[in-house]
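J.: Under the working numbering, the first residue of the sequence shown is numbered 2, with each subsequent residue one higher.
C-beta: ideal position from N, C-alpha, C; glycine also.
Since we're looking at a predicted model, the values are computed, not measured.
First, the structure itself, so that you have it in front of you.
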Amino acid sequence: MVVSFWSIFEGDKNFFIFGHLNKVHLCELSQAKAVILPPSAPSELYFFFKHQGIPIFPNLELKFKFPGKVGALLLFRALNLPHPKTIIIPRLCGVEEDPYYTFKRPDFPFVVKGNFGDEGSEVFLVKNEEDFEKALRQIKAWEIQGRFGLLIQEYIPTDFDARVIVIGKKRLIFFREGGFLKNIAQGGRLIPPPNPELEEKTMSFVEEFLEKTGLNYVAIDLLFKQRGDDEFMPLLSELNYTFGRRLIGEDEHERLVLAAIKDFLDGVVR
2 MVVSFWSIFE GDKNFFIFGH LNKVHLCELS QAKAVILPPS APSELYFFFK HQGIPIFPNL
62 ELKFKFPGKV GALLLFRALN LPHPKTIIIP RLCGVEEDPY YTFKRPDFPF VVKGNFGDEG
122 SEVFLVKNEE DFEKALRQIK AWEIQGRFGL LIQEYIPTDF DARVIVIGKK RLIFFREGGF
182 LKNIAQGGRL IPPPNPELEE KTMSFVEEFL EKTGLNYVAI DLLFKQRGDD EFMPLLSELN
242 YTFGRRLIGE DEHERLVLAA IKDFLDGVVR
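Encoded structure:
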């Protein structure tokens, strides 16, 4: 029996991802041969299946073990993969009250990121003390709401960045240009790959990351650090386990997800 909580796919048994689950439902779920979950699935449900050895698509384990931008950065570091130089601050008191180490602000300019925003909504370019104080006031307001964590990252000035969308075995790379924020939602524009060698280098880097993580549904944002006139090094920037459809469209997204689910089920259901 294949169980689906993702409305995009019809299983043998289907459930609303936020629906109630009684004793009868839970007994049925424990009999599943495979489970399809949407990326918005709660961690409790994911690990309910995981700890019973029931195969799950997509692989969301690292989303829950390394949550938010802070978690993603720690994952990059644990895997020893290139990423921007970063100071991790779980809570603002780490800046103001640390009894062991005095916080030293990096030189301007730098980037401040909130822990959970998407499409550039919690990213600030800090050029001076006034910008920094403004960003910290916003972070403090989020902490009052129970939203904790921020990153302070080096500013990497480049004309373009990239997003790689991973759905099952499919990888789609998109290069973008724009202002400080190059997200399509922030007014960024798609551009052709700056050169074929960079596209190949970036995809090879992404494959290394995917091989180490086993992720099969994620949008990976990358920055590029210039190391010469025409040489750029890709850096892991952010992971997005739920992502917009502007780059591929709803219909193509659905087609790719259904194809990925078929491949997954072909490998686990006999």
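For LYS183, name the three-state secondary structure that DSSP assigns.
T.: As a working mapping, residue 183 is identified with position 182 in the sequence shown. Of the three classes helix, strand and coil, the one that applies to LYS183 here is coil, per DSSP.
J.: Would you call the segment 151-162 and the segment 104-117 touching, i.e. three or more CB-CB distances under 8 Å?
T.: yes
J.: In chain order, what residues of the same chain have a beta carbon less than 7 Å from the beta carbon of GLU129, not counting five sequence neighbours either side?
T.: Position 128 of the sequence shown, counted from the start, is the residue given in the question as residue 129. A quick correction: the sequence has Asn, not Glu, at residue 129. Same-chain partners within the cutoff: PHE109.
J.: Could you check how far apart the C-beta atoms of LYS171 and ALA261 are, in whole angstroms? I think they sit under 8 Å.
T.: One-based indexing of the sequence shown puts residue 171 at position 170. One-based indexing of the sequence shown puts residue 261 at position 260. Rounded, the Cβ-Cβ distance is 7 Å, consistent with contact.
J.: For ILE192, which residues in the same chain have their Cβ closer than 8 Å to its Cβ, ignoring the five residues on either side in sequence?
T.: Here residue 192 is taken as the residue at index 191 of the sequence shown, counted from 1. Answer for ILE192: PHE161, PHE176, ARG177 and GLU178, listed in chain order.
J.: Quick check: the Cα distance between GLU212 and GLU131, rounded to an integer number of angstroms?
T.: Numbered from its first residue, the sequence shown carries residue 212 at position 211. Numbered from its first residue, the sequence shown carries residue 131 at position 130. C-alpha separation (whole angstroms): 42 Å.
J.: Give me the DSSP bridge partner(s) of ALA220.
T.: For this step, residue 220 is matched to residue 219 along the sequence shown. Residue pairing by DSSP puts ALA220 in a beta bridge opposite ILE166 and ASN241.
J.: Hey, quick one: how far does the alpha helix (DSSP H) through LYS114 stretch, first residue to last?
T.: The count along the sequence shown starts at 1 and reaches residue 114 at position 113. Note, LYS114: premise wrong, no alpha helix (DSSP H); beta strand (DSSP E) at 111-115.
J.: Quick one: Cα of LEU173 to Cα of PRO100, how far?
T.: In the sequence shown, residue 173 corresponds to position 172, counting from 1. In the sequence shown, residue 100 corresponds to position 99, counting from 1. Rounded to the nearest angstrom, the two C-alpha atoms are 46 Å apart.
J.: Hey, could you find the ends of the alpha helix (DSSP H) VAL71 is sitting in?
T.: If you number the sequence shown from 1, residue 71 lands on position 70. VAL71 -> alpha helix (DSSP H) spans 69-79.
J.: In the DSSP assignment, find the beta strand (DSSP E) that holds THR159 and state where it starts and stops.
T.: For this step, residue 159 is matched to residue 158 along the sequence shown. No beta strand (DSSP E) contains THR159, which DSSP labels as neither H nor E.
J.: May I ask you to report which of helix, strand or coil DSSP gives ARG138?
T.: Start at 1 with the first residue of the sequence shown, and residue 138 comes out as number 137. ARG138 falls in the helix class under three-state DSSP.
J.: Could you tell me the alpha carbon to alpha carbon distance between GLU29 and LEU216, rounded to whole angstroms?
T.: The count along the sequence shown starts at 1 and reaches residue 29 at position 28. The count along the sequence shown starts at 1 and reaches residue 216 at position 215. Cα to Cα, the separation comes out at about 27 Å.
J.: Distance, Cα to Cα, PHE49 vs LYS14?
T.: Walking along the sequence shown from the start, residue 49 turns up at place 48. Walking along the sequence shown from the start, residue 14 turns up at place 13. Answer to the nearest angstrom: the Cα atoms are 17 Å apart.
J.: Beta-carbon within less than 8 Å of GLU42's beta-carbon, same chain only, minus the 5 sequence neighbours each way: which residues are those?
T.: Residue mapping note: residue 42 aligns to position 41 of the sequence shown, counting from 1. In the sequence under discussion, the amino acid at residue 42 is Ala, which differs from the Glu named in the question. If we look at ALA42 and ignore the five residues flanking it on each side, its Cβ neighbours are PHE6, ILE18 and LEU61.
J.: Excluding sequence positions up to five away, which residues of its chain have a Cβ less than 8 Å from the Cβ of PHE10?
T.: Working through the sequence shown from its first residue, we reach residue 10 at position 9. Contacts found: ILE37, VAL258, LEU259 and ILE262.
J.: Given this structure, state the Cα-to-Cα distance separating GLU251 from TYR102, to the nearest angstrom.
T.: Within the sequence shown, residue 251 is the residue found at index 250, counting from 1. Within the sequence shown, residue 102 is the residue found at index 101, counting from 1. Those two C-alpha atoms are separated by around 48 Å.
J.: Beta-carbon separation of ALA163 and GLY245 under 8 Å?
T.: Reading the sequence shown from its first residue, position 162 is the one you call residue 163. Reading the sequence shown from its first residue, position 244 is the one you call residue 245. Taking 8 Å as the Cβ cut-off, ALA163 and GLY245 do not qualify as a contacting pair.
J.: Is ILE221 near LEU199, with beta carbons less than 8 Å apart?
T.: Residue mapping note: residue 221 aligns to position 220 of the sequence shown, counting from 1. Residue mapping note: residue 199 aligns to position 198 of the sequence shown, counting from 1. It is not a contact, given that the beta carbons lie outside the stated cut-off.
J.: Just reading off the beta strand (DSSP E) that ALA260 is part of, what are its end residues?
T.: Taking the first residue of the sequence shown as 1, we reach residue 260 at position 259. That residue, ALA260, is in no beta strand (DSSP E); its alpha helix (DSSP H) goes 251-269.
J.: In the structure shown, what three-state DSSP assignment does LEU236 receive?
T.: Numbered from 1 along the sequence shown, position 235 holds the residue referred to as residue 236. Reduced to three states, the DSSP call for LEU236 is strand.
J.: Relative to the C-alpha of PRO91, which candidate in GLY189, ARG148 and LYS226 has its C-alpha closest?
T.: Within the sequence shown, residue 91 is the residue found at index 90, counting from 1. Closest by alpha carbon: ARG148.
J.: Taking only three categories from DSSP, how would you classify LYS171?
T.: Taking the sequence shown and counting its residues from 1, the one referred to as residue 171 is at position 170. Of the three classes helix, strand and coil, the one that applies to LYS171 here is strand, per DSSP.
J.: Check this for me: beta carbons of LEU93 and ILE140, under 8 Å apart or not?
T.: Counted from its first residue, the sequence shown places residue 93 at position 92. Counted from its first residue, the sequence shown places residue 140 at position 139. The answer is yes: Cβ separation under 8 Å.
J.: Would you please state the rounded distance, in angstroms, between the beta carbons of VAL167 and TYR218? I believe it to be under 8 Å.
T.: As a working note, residue 167 is residue 166 in the sequence shown. As a working note, residue 218 is residue 217 in the sequence shown. Between TYR218 and VAL167 the Cβ distance is about 7 Å, and since that is below 8 Å, they are a contact.
J.: With which residues is SER5 paired in a DSSP beta bridge?
T.: Your numbering for residue 5 matches position 4 in the sequence shown. SER5 pairs with ASN15 and ILE37.
J.: Identify whether GLU144 lies in helix, strand or coil by the three-state DSSP scheme.
T.: Counting from 1 along the sequence shown, the entry for residue 144 is found at position 143. Helix at GLU144.
J.: Are the Cβ atoms of GLU123 and LYS114 separated by less than 8 Å?
T.: On the sequence shown, residue 123 is found 122 positions in, with the first residue counted as 1. On the sequence shown, residue 114 is found 113 positions in, with the first residue counted as 1. Yes, the Cβ-Cβ distance between GLU123 and LYS114 is below 8 Å.
J.: Give the straight-line distance between the Cα atoms of LEU126 and TYR47, rounded to the nearest whole angstrom.
T.: Taking the sequence shown and counting its residues from 1, the one referred to as residue 126 is at position 125. Taking the sequence shown and counting its residues from 1, the one referred to as residue 47 is at position 46. If I take the Cα positions, the gap works out to 36 Å.
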